[in-house]
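**Student:**
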Amino acid sequence: MSQRWVELRRREMASLLQPERVLYLVHGEKKIRSPLSQLYFCRYCSELRSLECVSHEVDSHYCPSCLENMPSAEAKLKKNRCANCFDCPCCMHTLSTRATNIPAPLPDDPTKTAMKKAYYLACGFCRWTSRDVGMADKSVASGGWQEPENPHTQRINKLIEYYQQLAQREKLERDRKKLARRRPFMPLAFSQHTIHVVEKYGLGTRLQRTRPGAPITSLAGLSLKEGEDQKEINIEPAQALDEVEPLPEDCYTRPINLPEGTTLRQRLLQPDFQPAGASQLHPKHKHLLIKRSLRCRKCEHNLSKPEFNPTSIKFKIQLVAVSYIPEVRIMSIPNLRFQKESQVLLTLTNPVENITHVTLVACEEGDPEDINSTAKVMVPIKELVLAGKDAAAEYDELAEPQDFQDDPDVVAFRKSNKIGFFIKVVPQREGLGDVTVSFKIRHDFRNLAAPIRPSEEGDASTEAIWLTHHVELNLGPLAP
Amino acid sequence: INEMSDKQSGQKSAKIAAGAVVCVESEIKGDVTIGARTVVHPKARIIAEAGPIIIGEGNLIEEQAVIINSYPENITPDSEGVEPKPMTIGVNNVFEVGCMSQALKIGDNNVIESKANLGRNVILTSGCIIGACCQVNTCEVIPENTVIYGSGCQRRVQTERPQPQTLQLDFLMKILPNYHHLKKTVKTTSGATPAKI
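Below is the structure:
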């Protein structure tokens, strides 16, 4: 419930800037159009990357309520759950521990009673308490709460062991077959590290692809040395029963008591038990969240690497597109009428510190990237010059404003590293539907990540390369 | 209630029992009876338009809470045949900051959380908790120990009623007089006992 509210608020705030109206095209396996704020820029490949053309890796695990870091091995052991924090089984909020004073007999003298602290879990949102399901109050503040044991744990563990063994055996057989076809001097140990083997009962190829060269750990890392005797594990097959428990007689006639039953969501969050009655909902440990790092698939460089500390929101590496590519934003749209030319005011912001030259080019006829535009656009022909982003500009009173000699027909205003400029739009489609235009934006980019070569001619400046991006703008519906 | 006919003639002042702490900055209009050990914070509003309001003992009415006995929307104040209905509020209830209650009958030990809204036709029994920002406009009797929470006003039943806020009440009764002037208390007559539900 609270998650949905957060999502609605985020969308509301984002709608103030309306970033969804300006989309940049990303060339990857799929052509993806997305706002610049959601894209990354690989400065080694000099290309835009979206979330779908990077590989996501788990960086660290942490608990969202106690912000405790957990190493991955420990997280795997604890099934990605925090040891200290609990979730309310009713509303999935975080449970807090409350204390009451209860009179309890002293251990040495049973006739006298002293006030002892008793702790119970309570939810601040739906007022669920651990006493509702019959859990007794504990005498320690943390660590006293146990999750109920699953009656089927033993059988499940045995099944997992059996299938792990089976998977290992099958993998060995497959590798032996492959080796038989290979050249004989390939070392035997290398077969353990083949990454293109599809693991049965394992994790699947998608995760394996992101770790080239690393050994694969399938279900909980059983690694047997070659030649070691494998313990034979036998399982009894599951028995099918003919008779099923009959329904209770008043199943159709008993009136339903809604507060007594569990909702589907509450039930499915506890897959071990799936209780039908609210009095059997026990709290579960809180799920851990992960911090992920992103890696470009082509050059294997990191695009985004967060800090290790869960309390820090900063990044060690943050190659986001907004800090390298000039951003186009819509400032004002006049009334758009079918087949009438109107002027739309856009802004261009320069994120880097050196002067950037930007040229806009309208899309040609038959451009394969231009599939969504419903209007013709006339962009300024001249090159637009953007001043560098200067953080100290507001404090420097003596600096003279740079004189750029802007054409007033093209450039509406200029403010530090931002300019406003006009484009002419002629909507070509009548009726409902938004007016969309697209054009190409070509700008120079100085690659600071390139290795500095000792220059022969004494030219110290880094070379600029020209990048072209396809931009689509959504200008809203036609005026009625 | 028999005393209604006496009140109709125009006794419009609030009757505050001894032991109640009602700050001067609170707005009390109309025929309101407030029981002992009740704390009314500044900027709380208790408005008895369409009938008297009788508040029991040990209640906690926080800032910007509105308890209003108003005319139903389709009836104008001047139309005839409108009997003033009394609004009764039991003991040990908590009206948190910014809530609005128009319910005619409220029992004991209820908690109405911040910015909750109760319609006129709701009847709260005992031990109910109306969650923050929940609007309850239905025409029903809410069973005991019900908790209404969440944006969809989900409900569940808890096994024990919320504890009365005795510690908080004691603290407030000591601290509020240090910083606020209080309204004058009146010895309540024997007839003006809060209605037991």
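Which chain is which? The protein sequence lines are A and B, in order.
If you count the first sequence from 1, position 209 lands on 202 in my numbering, and the numbers rise without skipping.
If you count the second sequence from 1, position 162 lands on 219 in my numbering, and the numbers rise without skipping.
Each residue gets a CB set at the ideal place from its N, CA and C atoms; glycine is no exception.
1) Since GLU84 of chain B meets chain A, which of its residues come closer than 8 Å, beta carbon to beta carbon?
2) Please give me, in chain order, every unbroken run of the beta strand (DSSP E) with length at least 3 that falls completely inside the stretch 355 to 426 of chain A.
3) For THR342 of chain A versus PRO319 of chain A, is the C-beta distance shorter than 8 Å?
4) Would you list the one or two residues that DSSP bridges to MET63 of chain A?
5) Can you give me the start and stop residues for the alpha helix (DSSP H) that ASN150 of chain A sits inside?
6) Hey, would you say LEU32 of chain A sits closer than 8 Å to VAL19 of chain A, going by beta carbons?
7) Span of the beta strand (DSSP E) holding GLN311 of chain A?
8) Measuring alpha carbon to alpha carbon, tell me which of A:VAL345, A:GLY21, A:HIS294, A:SER89 ends up nearest GLY117 of chain A.
9) If you reduce the DSSP assignment to three classes, tell me which class CYS289 of chain A lands in.
10) Beta-carbon of VAL151 of chain B versus every beta-carbon of chain A: anything under 8 Å?
11) Examine the Cβ distances between the stretch 249 to 258 of chain A and the stretch 36 to 55 of chain A and report whether three or more of them are shorter than 8 Å.
12) Less than 8 Å between the beta carbons of LYS411 of chain A and THR340 of chain A, yes or no?
13) Would ALA231 of chain A count as contacting chain B if we go by Cβ distances under 8 Å?
14) Would you say LYS131 of chain A and TYR112 of chain A are within 8 Å of each other, going by their C-beta atoms?
15) Between which two residues does the alpha helix (DSSP H) harbouring PRO473 of chain A extend?
16) Taking ILE124 of chain B and ILE111 of chain B to be in contact with their CB atoms under 8 Å, please state how far apart those CB atoms are, rounded to whole angstroms.
17) So which residues on chain B does PHE301 of chain A lean against when the C-beta distance must stay under 9 Å?
18) Once the 5 residues before and after MET230 of chain B are set aside, which same chain residues still bring their CB inside 6 Å of it?
19) Grab the span of the alpha helix (DSSP H) containing MET230 of chain B for me, first residue to last.
20) Kindly say whether GLY207 of chain B, judged by its beta-carbon, lies nearer than 8 Å to any beta-carbon of chain A.
21) From the beta carbon of VAL198 of chain B, is the nearest beta carbon of chain A less than 8 Å away?
22) Please report the distance separating the alpha-carbon of GLY264 of chain B from that of SER127 of chain B.
23) Quick one: what does DSSP say GLN255 of chain B is sitting in, helix, strand or coil?
24) Any residues in the stretch 77 to 101 of chain A with a beta carbon nearer than 7 Å to a beta carbon of chain B? Which ones, in chain order?
25) Does GLU119 of chain B have its Cβ less than 8 Å from a Cβ in chain A?
26) Counting only beta-carbon atoms, is GLN215 of chain B nearer than 8 Å to chain A?
27) Within 8 Å (strictly less), CB to CB, does PRO252 of chain A reach chain B?
28) Does the beta carbon of ASP125 of chain A come closer than 8 Å to any beta carbon on chain D?
**Tutor:** Straight from the coordinates:
1) Taking the first residue of the second sequence as position 1, residue 84 of chain B is located at position 27. Within 8 Å Cβ-Cβ: nothing; GLU84 of chain B doesn't reach chain A, min ~31 Å.
2) 368 to 371, 377 to 379, 404 to 408, 411 to 420
3) Taking the first residue of the first sequence as 1, we reach residue 342 of chain A at position 349. Taking the first residue of the first sequence as 1, we reach residue 319 of chain A at position 326. Cβ distance < 8 Å, so THR342 of chain A and PRO319 of chain A count as in contact.
4) Your numbering for residue 63 of chain A matches position 70 in the first sequence. In DSSP, MET63 of chain A forms a bridge with A:HIS54.
5) Counting from 1 along the first sequence, the entry for residue 150 of chain A is found at position 157. Taken as a continuous stretch (DSSP letters only), the alpha helix (DSSP H) holding ASN150 of chain A covers 146 to 174.
6) Walking along the first sequence from the start, residue 32 of chain A turns up at place 39. Walking along the first sequence from the start, residue 19 of chain A turns up at place 26. Cβ atoms of LEU32 of chain A and VAL19 of chain A: closer than 8 Å.
7) In the first sequence, the residue the question calls residue 311 of chain A occupies position 318. Taken as a continuous stretch (DSSP letters only), the beta strand (DSSP E) holding GLN311 of chain A covers 308 to 311.
8) Here residue 117 of chain A refers to the residue found at position 124 when the first sequence is read from its first residue. Residue A:SER89 is the option with its Cα nearest to GLY117 of chain A.
9) One-based indexing of the first sequence puts residue 289 of chain A at position 296. CYS289 of chain A falls in the strand class under three-state DSSP.
10) Mapped onto the second sequence, residue 151 of chain B falls at position 94. So no, VAL151 of chain B is outside the interface.
11) no
12) As a first step, residue 411 of chain A must be located in the first sequence, where it is residue number 418. As a first step, residue 340 of chain A must be located in the first sequence, where it is residue number 347. In this structure, THR340 of chain A lies closer than 8 Å to LYS411 of chain A by Cβ.
13) Taking the first residue of the first sequence as 1, we reach residue 231 of chain A at position 238. Cβ-Cβ to chain B under 8 Å: no for ALA231 of chain A.
14) As a working note, residue 131 of chain A is residue 138 in the first sequence. As a working note, residue 112 of chain A is residue 119 in the first sequence. Yes, these two residues count as a Cβ contact at 8 Å.
15) If you number the first sequence from 1, residue 473 of chain A lands on position 480. That residue, PRO473 of chain A, is in no alpha helix (DSSP H); it is neither H nor E in DSSP.
16) Residue numbering aside, residue 124 of chain B sits at position 67 when the second sequence is read from its first letter. Residue numbering aside, residue 111 of chain B sits at position 54 when the second sequence is read from its first letter. About 11 Å separates the two Cβ atoms, so there is no contact after all.
17) Residue 301 of chain A sits at position 308 when you count from the first residue of the first sequence. Those within 9 Å of PHE301 of chain A in chain B number zero; the least Cβ separation is about 36 Å.
18) If you number the second sequence from 1, residue 230 of chain B lands on position 173. VAL78.
19) The count along the second sequence starts at 1 and reaches residue 230 of chain B at position 173. Start and end: 223 to 236.
20) Here residue 207 of chain B is taken as the residue at index 150 of the second sequence, counted from 1. Yes - at least one Cβ of chain A is within 8 Å of the one on GLY207 of chain B.
21) For this step, residue 198 of chain B is matched to residue 141 along the second sequence. No, VAL198 of chain B does not count as interfacial toward chain A.
22) Chain B is shown only over 58 to 254; residue 264 of chain B falls outside these bounds and no answer can be derived.
23) Not covered by the structure: residue 255 of chain B. The range shown for chain B is 58 to 254.
24) CYS83, CYS84
25) Residue 119 of chain B sits at position 62 when you count from the first residue of the second sequence. For GLU119 of chain B, the answer is no, since every Cβ of chain A falls outside 8 Å of its Cβ.
26) Within the second sequence, residue 215 of chain B is the residue found at index 158, counting from 1. It does; some Cβ of chain A falls within 8 Å.
27) As a first step, residue 252 of chain A is located in the first sequence; it is residue number 259 there, counting from the start. For PRO252 of chain A, the answer is yes, since a Cβ of chain B falls inside 8 Å of its Cβ.
28) Absent from the structure is chain D; the protein chains it does hold are A and B.
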